[in-house]
Amino acid sequence: GDDSSEPDDTTPSTETAESYDWRDAARPMPYGISEGPDGPTGETFEWALATDDCGDCTFYEEADDGTGACSVHDDRPLVCQTYPFSVALGGTSQPMGEAVDDDGVVRAHECEGLGRDISESEARELAEALKRRTVREIEEAIAVRDEYEPTDADGVVVHDSEGAKRPDGTRVE
């Protein structure tokens, strides 16, 4: 694929109405990255949601009255659609942090909304999205394994299903 294709579950949810590029939503997962004399350096195998200096999602916008909301809610990435839930896959990281509850392989992570009622149709939609996300994560992990090539490139390198990339998504040559 080309550099504009989807890296993983941080991409917009619809193919037809992408209001942003995945590079707007993704940053290198910090695992494996350290501060070197010339800035961040290291290799990682995942993308994470981009955050601002306060740790808020790039797409979180606060109104003058202090209320906040997602600016891309209708087209948000799968990881956001399924928050605060994830599926425990052996050998994978927990980018949402440690689970506060689990039932079988489904984990629940810290979230104000945990325990609130949702309709059966909302629960089914959430479960379907969580299944799609899990399948995408498994496919991504397999492709990363298949495409991995060690690199001696300086700076930060993210290995994804398309090979080694810089934090801006361009390929490491």
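For the sequence shown, the numbering used here gives the first residue as 17, with consecutive numbering after it.
Glycine included, C-beta positions come from ideal geometry on N, C-alpha and C.
By the neighbour-count criterion, in which a residue is buried when 16 or more other Cβ atoms sit within 10 angstroms of its Cβ, residue 116 is exposed. Residues 48, 173 of the same chain have their beta carbon placed closer than 6 Å to that of residue 59, with the five preceding and five following residues left out of the count. Taking every protein chain shown into account, the CB of residue 93 has 16 or more other CB atoms within 10 angstroms, so this residue is buried.
In the three-state scheme derived from DSSP, where H, G and I count as helix and E and B as strand, residue 126 is classed as coil.
Taking a C-beta distance under 7 Å as the contact criterion, residue 64 and residue 98 do not qualify as a contact pair. In the structure shown, residue 152 adopts helical secondary structure according to DSSP, grouped into three states. Excluding the 5 residues flanking it on each side, residue 151 has no same chain C-beta neighbour closer than 8 Å. The straight-line gap separating the alpha-carbon atoms of residue 46 and residue 81 is approximately 33 Å. Of 104, 179, 176, the smallest CA-CA separation from residue 147 is found for 104. Between the alpha carbons of residue 171 and residue 56 lies a gap of roughly 6 Å. In this chain, the beta strand (DSSP E) harbouring residue 43 covers 42-44. In the three-state DSSP reduction, residue 49 falls in the strand class (E or B). Take the alpha-carbon of residue 132 and the one of residue 66: they are about 27 Å apart. Within a 10 Å sphere around the beta-carbon of residue 175 sit 16 or more other beta-carbons, which makes this residue buried.
Rounded to the nearest angstrom, the gap between the Cα atoms of residue 154 and residue 84 is 33 Å.
A distance of 7 Å or more separates the beta carbons of residue 78 and residue 87. Assigned with DSSP and collapsed to three states, residue 73 falls in strand.
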